[in-house]
Amino acid sequence: MPKHTIESLFIRFRDHQDLGALTEVHDRTAPQLLALARRLAVSGVPPEDLLQDTFLAAIERPDAWDSSRPLVPWLLGILAHRAHTARIKAGRTPNPDRLPERTVATPDALTQASEFQAHVSGAIAGLPPLLRDAVHGSLVDGKRPSQMAV
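All residue numbers for the sequence shown refer to my numbering, where the first residue is 9 and numbers rise by one.
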């Protein structure tokens with residue numbers, strides 16, 4: 009009995025949901041895919057997880073494979089893409105030691121700030137118009153004198 013190609017086995021899985029055929033595809037391609045996963049080593053992601061992720065993607069979207077082309081390069085492409093995505097996600101993990109410390113204002117501090125702002129606004133409103141614009145621009149808007157002059 010002639011040995012089936014991995015392409016014909018994957019077609020059997022895709023068209024007839026033959027899990028035995030998929031198992032044989034996995035068994036015959038896993039060593040090559042695992043070798044690439046090890047070369048693409050992503051920090052915190054075991055190569056076996058990349059291999060599993062690759063087959064999960066192939067199982068979820070078997071119609072994405074063009075059956076006129078070889079199967080292994082398609083699987084290798086999925087694996088490389090999954091490794092790239094994992095590498096990006098690993099790089100986005102925030103380092104708590106690098107984050108600025110956050111302070112939460114107490115209700116008392118918020119009340120004091122609000123009262124202070126009301127006093128400042130009242131004082132600015134009592135100034136003559138030309139002086140009011142200059143003080144408001146400097147204290148409230150944070151503009152430099154050169155910016156206000158423009």
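For glycine and all other residues, C-beta sits at the position ideal for the given N, C-alpha and C.
A distance below 6 Å between beta-carbons, with the five flanking residues on each side excluded, links A94 to the following residues of its chain, in chain order: V50, V53. Within the stretch 18-74, the complete alpha helix (DSSP H) runs of at least 4 residues fall at 27-47, 55-68.
Residue state for V112 is assigned as coil, using DSSP reduced to three classes. The Cβ atoms of L83 and D61 lie no closer than 9 Å to each other. Sixteen is the threshold: when 16 or more other Cβ atoms of the shown chains lie within 10 Å of the Cβ of A91, as they do, the residue is buried. In the three-state DSSP reduction, V143 falls in the helix class (H, G or I). Straight-line spacing of the CA atoms in V80 and H34 works out to 11 Å. Each residue's CA atom was taken as its position, placing A72 and F63 some 13 Å apart. Pairing L42 with E56 gives a Cβ-Cβ distance under 9 Å.
Counting every other CB atom within 10 Å of its CB across the protein chains shown gives T31 a total below 16, marking it as exposed. For S154, the uninterrupted alpha helix (DSSP H) run begins and ends at 153-157, by DSSP. Here the alpha carbons of N103 and L59 stand approximately 28 Å from one another. Secondary structure of L138 (DSSP, three-state): helix. In the structure shown, K11 adopts coil according to DSSP, grouped into three states.
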